[in-house]
Amino acid sequence: MLDGKKVNTPLTGTVTTSAILDLMEISGASRPEADSNPKKMAKLASSLHTVAKLEVIRIPFDVTVVGEALGCQIDIGTKARTPSIITHPFEKDPAEFDVPVDLLEKGRIHVVMEAISLLKNDKGLSVPIVAGIEGPADLSSYLCEIKPFLKLTVKKPEIARKIVEKCVDACITCANAYFLSGADAVVLADATSSPEMIGPAAFREIIKPELVRFNENIQGHSILHICGEIDSIVPDILECGFSAISVEENVKDLEYVVNSAHSNNIAVIGNISTAHTLYIKTPNDVRKEAFECLDTDIDILAPGCGLAPETPLRNLLAMVEARNEYV
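Next up, the structure:
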């Protein structure tokens with residue numbers, strides 16, 4: 059599928075964060091330990107397939123791993139609350155930022171690498187493993203803080219571009235390390251690149267060239283996830299070299315996105331609502347929305363964004379059941 063080939067049956071899975079309380083209880087691997095212990099991370103991740111029946115699984119379960127390695131302090135969170143960035147080390151002087159030469163030895167990057175290896179070597183788990191990395195706009199906002207970074211994109215775009223370049227250097231290093239560990243694909247999760255945040259013009263000028271460079275320098279398949287209503291930048295995204303794009307339920311026209319991507323041999327992943335349907339509605343509601351997604355010829359039926367920890371397991375199972383009924 060990521061080679062641009064058509065397959066007969068869409069997959070079900072997730073390329074966004076996916077640690078839910080039900081799976082923590084069943085697997086015996088809970089966060090925050092599962093965010094920093096490779097064996098527990100792999101155990102919780104494997105339950106996405108063995109229990110929730112998903113056919114594509116993603117680790118890690120948060121989007122702070124690379125930011126932490128680059129110098130941000132994090133709140134490690136709780137069982138029901140994901141880790142979060144709490145300091146922005148280059149807020150006062152973004153020019154000081156540089157990627158450490160020993161990046162892979164910092165923070166929890168090595169934890170993710172070991173968890174990938176454990177999953178890949180698990181003979182009972184023959185499903186694709188997607189490794190998540192914060193995208194360059196998100197990393198820039200972590201390092202500089204969101205408002206100062208967004209101001210730079212408007213008032214000093216040349217500085218913003220330099221910061222993004224360095225963040226992409228870090229993304230490339232991590233991606234290739236994850237591929238060597240056994241990942242089948244990497245996903246860049248970049249909420250700040252949303253048109254609702256950075257704006258289409260800044261995306262084209264500052265972010266897009268660096269996403270192209272990212273794909274020119276990695277050793278495997280890549281996926282891009284940008285939150286929000288991305289319709290206005292879909293043509294630009296499709297020129298960045300990703301094997302697939304993951305879209306949220308807020309896109310205005312999913313059929314347009316799918317048709318545009320398929321005309322470029324790019325797969326589309328999504329986009330059942332995480333904040334509403336999967337989180338608080340019934341399995342019947344999940345099936346109805348899943349059928350609507352499948353009607354657009356989507357390639358991987360998946361949550362539109364990261365799952366809330368309280369998302370009930372029955373709704374993930376309903377997503378898989380809906381695909382099975384549909385085909």
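The sequence shown runs 59 to 385 under the working numbering.
By construction, the Cβ of each residue, glycine as well, lies at the ideal position given by its N, Cα and C atoms.
Buried versus exposed, by CB contacts within 10 Å (16 or more), residue i
i: ARG107; result: The sequence shown places His at residue 107, rather than the Arg named in the question. Buried, because 16 or more other Cβ atoms sit within 10 Å of the Cβ of HIS107.
i: ILE230; result: buried
i: ARG116; result: buried
i: THR74; result: buried
i: LYS98; result: buried
i: GLU126; result: buried
i: GLU307; result: buried
i: GLU216; result: exposed
i: LYS64; result: exposed
i: PRO96; result: buried
i: ALA247; result: buried
i: ARG139; result: exposed
i: ALA153; result: exposed
i: SER102; result: According to the sequence displayed, residue 102 carries Leu and not Ser. Buried, by the Cβ-count rule.
i: THR340; result: exposed
i: ALA259; result: exposed
i: ARG381; result: buried
i: ILE288; result: buried
i: GLU4; result: Look at the range of the chain in this structure, 59 to 385, and you will see that residue 4 is not part of it.
i: ARG166; result: buried
i: SER321; result: exposed
i: TYR314; result: exposed
i: VAL245; result: buried
i: SER184; result: exposed
i: PRO158; result: exposed
i: VAL170; result: buried
i: GLU347; result: buried
i: VAL212; result: exposed
i: ILE144; result: exposed
i: VAL385; result: exposed
Segment limits, alpha helix (DSSP H) that includes residue i
i: PRO194; result: 194-202
i: VAL169; result: 167-178
i: SER318; result: 312-320
i: ILE295; result: 292-295
i: SER304; result: Run containing SER304: none in the alpha helix (DSSP H); it sits in the beta strand (DSSP E), 302-305.
i: GLU383; result: 371-384
i: CYS351; result: 341-352
i: ASP80; result: 79-85
i: ARG271; result: 266-274
Short CB-CB distance (under 7 Å) between residue i and chain B
i: ALA260; result: In the structure shown, chain B cannot be found, because there is only a single protein chain.
Range of the contiguous beta strand (DSSP E) that encloses residue i
i: LEU359; result: 358-361
i: LEU282; result: 279-284
i: ILE330; result: 325-330
Whole-Å CB distance - residue i paired with residue j, under 8 Å assumed
i: SER105; j: LEU81; result: 5 Å
i: ARG89; j: LYS137; result: 6 Å
i: THR369; j: ILE84; result: The Cβ separation is near 14 Å, so there is no contact.
i: SER420; j: GLY286; result: Because the chain here runs from 59 to 385, residue 420 falls outside it and cannot be looked at.
i: SER318; j: LEU296; result: 6 Å
i: VAL344; j: LEU352; result: With 8 Å as the limit, VAL344 and LEU352 do not qualify as a contact, their Cβ atoms being about 12 Å apart.
i: PRO141; j: ASP196; result: Contact flag wrong, Cβ pair sits at about 14 Å.
i: ILE284; j: ALA243; result: Incorrect: roughly 16 Å between the Cβ atoms, too far for contact.
i: LEU112; j: LEU374; result: 7 Å
i: LEU177; j: ILE187; result: 5 Å
i: ALA100; j: ALA173; result: 4 Å
i: ILE291; j: PHE261; result: 5 Å
i: LEU60; j: SER301; result: 4 Å
i: GLY71; j: VAL114; result: 3 Å
Distance cut-off 6 Å: residue i Cβ against heavy atoms of the ligand SAM
i: GLY328; result: The ligand content of the structure shown is nil, which means the ligand SAM is not present either.
Worksheet item: If we count Cβ pairs, one from each stretch, closer than 8 Å, do we get three or more for the stretch 118-131 versus the stretch 191-207?
Response: yes
Fill in: Unbroken stretches of the beta strand (DSSP E), 3 residues or longer, contained in the stretch 93-158
115-117
Item to complete: Within the stretch 192-259, note down every full alpha helix (DSSP H) run reaching 4 residues or more, in order along the chain.
Response: 194-202, 204-213 and 215-239
Worksheet item: Contact between the stretch 365-375 and the stretch 328-335: three or more CB pairs below 8 Å?
Response: yes
Practice prompt. Specify whether the stretch 194-213 and the stretch 129-144 touch according to this definition: at least 3 beta carbon pairs, one from each stretch, less than 8 Å apart.
Written response: yes
Item to complete: Pair every Cβ in the stretch 354-363 with every Cβ in the stretch 314-326, then say whether three or more of these pairs are closer than 8 Å.
Response: yes
Worksheet item: Would the stretch 219-227 and the stretch 262-279 be scored as touching if the rule is three or more Cβ pairs under 8 Å?
Response: yes
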